[in-house]
Amino acid sequence: MENSLYGPLANVAEDAGYTDPPARAGFFTDTSVCIGCKACEVACKEWNAIPDDGFALTGMSYDNTGALGASTWRHVAFIEQTAPREVGDSAGSTRWLMASDVCKHCTHAACLDVCPTGALFRTEFSTVVVQQDICNGCAYCVSACPYGVIDRREDDGRAWKCTMCYDRLGDGMEPACAKACPTDSIQYGPLDELRARAQERLGDLHREGVAEARLYGEDENDGVGGTGALFLLLDEPEAYGLPPDPVVTTRDLPAMWKWAGGAALALAGGVAASFLGRR
Amino acid sequence: MPSEAVGGGRGGKAGREERMVPRAEFRSYYGRPVLKKPRWKAPHMPGYLYLGGLSGAASTMGALADATGRRRLALTGKLTAVAAAAAGSGLLVAELGRPERFLHMLRVFKPTSPMSVGSWVLAAHGGLTGASAASAVTGIAPWLGRAAGAASAVTGPVLATYTGVLIADTAVPAWHEAYRHLPLLFAGSALASAGSAGMIGTPRGEAGPARRMALLGAGLELTVAGALERGAGMREEAELVSEPYRTGRASALLKSGRWLTAAGAAATLSAGRSRTAAVAAGVALTGGALCTRFGVFYAGIASAEDPKYTVVPQRARLTAS
């Protein structure tokens with residue numbers, strides 16, 4: 003099918019083989035109203051019965067979670083910045099950026115593409131979920147994800163990540179993190195609606211003079227065909243630990259197979275040429 | 153720009169080597185990596201890269217030796233091919249988080265997953281080389297054994313080179329950007345490895361093709377490894393993206409590999425006259441091939457662990473567009 007590996011896709015679930023699927027589900031995380039309470043992290047752990055991932059302190063900020071991982075499917079980043087913000091403010095003032103990160107549920111999901119067992123699959127809501135009874139812990143998805151989201155739980159041996167609460171969506175409920183968020187920084191809904199709402203919010207912020215506000219993941223012409231989880235950020239993505247311009251690795255897969263085919267022929271030719279002599 | 157979010161050259165142990173590339177100015181989240189560190193481990197993953205190459209080129213050598221009436225070389229090729237395929241499969245299973253589920257690899261066939269394609273190729277190749285070797289050793293069903301051997305000359309070159317796609321089809325910059333190099337590098341390395349096995353396991357009189365394979369393979373391996381280390385042929389930020397091949401543990405391994413491969417190639421020139429030279433050449437080339445695979449593996453680990461390799465090329469792309 004056209005653009006199955008790369009580029010914009012009109013209907014992700016249909017591309018995956020569903021007939022008449024429900025609207026694509028998504029998250030819109032508006033970090034401009036995040037207060038860093040971590041209710042999303044806790045609600046996610048509670049609902050999905052995720053084990054702890056250690057009780058260590060990072061010592062770098064109020065963020066003691068560190069990053070998304072096999073046992074962390076929502077992660078609240080915490081960034082303290084000091085910079086001049088107004089005319090005459092030479093010493094600078096401090097601002098706190100807080101952002102709840104999550105699996106992007108990419109239009110072109112590298113984790114899903116490279117999974118050799120079919121454990122990772124595209125749901126009817128166009129989200130990406132691991133079937134835990136299938137995963138054999140090969141860890142290919144871990145190295146394929148351009149956002150560093152999915153990881154293997156070493157005491158369990160399988161790969162884990164956000165399911166967008168697949169078990170709740172089927173019952174018409176919103177994911178636990180969105181339900182728990184006290185400021186509606188995390189919004190759940192049909193992706194088309196969220197995209198419109200994100201554009202509207204971006205326009206409001208720009209009018210209010212917050213020029214650094216930007217959207218992340220909303221462009222379907224980006225390297226992953228747009229994401230199912232959008233973000234409104236107040237700084238460059240890399241300041242939040244997000245890759246500024248990720249590309250799904252399988253975009254280059256056809257070229258990779260061509261180079262490997264050429265190398266295989268070179269190897270066979272090399273062996274054959276070695277047998278040309280009499281001795 | 154707020155200072156606390158600016159990265160670039162943090163992390164003590166990499167500091168010494170970073171003189172080679174000007175300090176890349178980039179921003180990150182407290183210097184933490186963007187990507188997850190590959191969960192693949194040594195010696196399993198690089199060991200499999202080596203054994204898959206050895207098995208693939210050895211089966212092809214065995215089939216052609218069969219066809220040209222070199223019985224001892226054929227036997228060496230076939231036994232090497234099945235032993236390496238079996239050992240490589242063992243390493244792959246041991247690498248899984250749930251080894252008892254290894255058969256899930258054959259639940260589906262997915263062309264978008266190099267690991268799925270590779271699992272099927274390895275399964276077919278293992279069966280074919282097993283049948284071919286069993287027939288050669290026992291003398292049972294020689295025609296079937298020959299047919300299986302001939303078929304393993306088709307699966308072999310695929311098995312030896314798909315591993316380049318396997319690790320290139322990841323978000324790890326040093327592996328992904330090397331997708332043009334890795335299959336050819338592994339092809340050269342595999343030729344040298346199987347040639348080594350042929351030289352060691354076969355009387356000099358029959359080992360001529362093995363010596364030529366070893367020389368051809370060593371030449372290809374040295375050429376492509378050199379290009380990889382310089383970043384020649386990489387499209388974006390070649391100098392930075394190829395840096396992990398020139399620094400740290402990967403650099404030490406690739407340098408050792410280069411010396412071993414060059415020494416092995418030199419010894420191969422005398423291998424037709426001296427049994428000692430043949431064995432020395434085989435051992436050196438095998439060591440070189442192993443160093444190459446481990447070097448490539450550790451370059452990928454270093455590439456994933458430092459956010460600059462992820463952020464700088466992507467930011468440069470955005471700035472340019």
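Going down the list, the protein sequences come from chains A and B. If you count by my numbering, then the first sequence holds residues 3 to 281, one letter each, in order. If you count by my numbering, then the second sequence holds residues 153 to 473, one letter each, in order. Even for Gly, the Cβ is constructed at its ideal location relative to N, Cα and C. Small disclaimer: the values here were computed from a predicted structure and weren't measured.
Min CB distance residue i to chain A below 7 Å
i: residue 294(B); result: no
i: residue 344(B); result: no
i: residue 264(B); result: yes
i: residue 312(B); result: yes
i: residue 469(B); result: yes
i: residue 397(B); result: no
i: residue 322(B); result: yes
i: residue 207(B); result: no
i: residue 475(B); result: Summary: the structure shown does not reach residue 475(B), with chain B confined to residues 153 through 473, and so no result is reported for it.
i: residue 253(B); result: yes
i: residue 393(B); result: no
Exposure label - residue i; buried when at least 16 CB within 10 Å
i: residue 387(B); result: exposed
i: residue 256(B); result: buried
i: residue 177(B); result: exposed
i: residue 107(A); result: buried
i: residue 395(B); result: buried
i: residue 448(B); result: buried
i: residue 57(A); result: exposed
i: residue 474(B); result: In the structure as shown, chain B begins at 153 and stops at 473. Residue 474(B) is therefore absent and cannot be evaluated.
i: residue 2(A); result: In the structure as shown, chain A starts at 3 and stops at 281, and residue 2(A) therefore has no counterpart that could be examined.
i: residue 89(A); result: exposed
i: residue 163(B); result: Because the pLDDT at residue 163(B) is just 39, under 50, the model does not fix this residue reliably, and the point stays unresolved.
i: residue 265(B); result: buried
i: residue 152(A); result: buried
i: residue 320(B); result: buried
i: residue 367(B); result: buried
i: residue 361(B); result: buried
i: residue 91(A); result: exposed
i: residue 261(B); result: exposed
i: residue 96(A); result: exposed
i: residue 54(A); result: exposed
i: residue 324(B); result: buried
Contact with chain B by residue i, beta-carbon distance below 7 Å
i: residue 127(A); result: no
i: residue 1(A); result: Shown here, chain A extends from 3 to 281; a query on residue 1(A) therefore has no answer.
i: residue 240(A); result: yes
i: residue 279(A); result: yes
i: residue 246(A); result: yes
i: residue 56(A); result: no
i: residue 144(A); result: yes
i: residue 268(A); result: yes
i: residue 261(A); result: yes
i: residue 61(A); result: no
i: residue 160(A); result: yes
i: residue 36(A); result: no
i: residue 1(A); result: Residue 1(A) lies beyond the residue range present for chain A, which begins at 3 and ends at 281; the question has no answer from this structure.
i: residue 100(A); result: no
i: residue 76(A); result: no
Same chain only: Cβ atoms within 6 Å of residue i, ignoring 5 sequence neighbours per side
i: residue 186(B); result: 459 and 462
i: residue 231(B); result: 285
i: residue 142(A); result: 116
Residue-chain proximity (residue i, chain E), Cβ-Cβ < 7 Å
i: residue 104(A); result: Within the model displayed, chain E is absent; protein chains A and B are what it includes.
Cβ shell of residue i (< 8 Å), same chain only, five flanking positions each side left out
i: residue 246(A); result: 238, 239 and 240
i: residue 371(B); result: 340 and 417
i: residue 280(B); result: 211, 300, 301, 303, 304 and 307
i: residue 37(A); result: 100, 184, 185 and 187
i: residue 258(B); result: 271, 272 and 275
Spatial neighbours of residue i in its chain, beta-carbon cut-off 7 Å, leaving aside the 5 residues before and after
i: residue 363(B); result: 347, 351, 420, 423 and 424
i: residue 196(A); result: 28, 30, 189 and 232
i: residue 438(B); result: 345 and 348
i: residue 24(A); result: 126 and 127
i: residue 138(A); result: 119
Alpha helix (DSSP H) segment containing residue i, residue limits
i: residue 30(A); result: Premise fails: residue 30(A) lies in the beta strand (DSSP E), 27-32, not in any alpha helix (DSSP H).
i: residue 37(A); result: Taken as a continuous stretch (DSSP letters only), residue 37(A) belongs to no alpha helix (DSSP H), as it is neither H nor E.
i: residue 294(B); result: 294-320
i: residue 20(A); result: No alpha helix (DSSP H) holds residue 20(A); DSSP gives it neither H nor E.
i: residue 202(B); result: 196-219
i: residue 407(B); result: 400-420
Inside the segment 206-279 of chain A only - beta strand (DSSP E) runs reaching at least 3 residues: When DSSP assignments are scanned along the segment 206-279 of chain A, the uninterrupted stretches of beta strand (DSSP E) that are 3 or more residues long and fall wholly within it turn out to be 216-218 and 231-235.
Sequence ranges, beta strand (DSSP E) only - wholly within the segment 69-142 of chain A, length at least 3: Those beta strand (DSSP E) runs which fall completely within the segment 69-142 of chain A and span 3+ residues are 76-85, 95-104, 122-124 and 130-132.
Contiguous alpha helix (DSSP H) assignments of at least 4 residues, all confined to the segment 163-198 of chain A: The segment 163-198 of chain A contains, as complete alpha helix (DSSP H) runs of 4+ residues, the segments 168-171 and 178-182 (chain order).
Contained beta strand (DSSP E) runs [length at least 3] in the segment 320-382 of chain B, N- to C-terminal order: Within the segment 320-382 of chain B, no complete beta strand (DSSP E) run reaches 3 residues.
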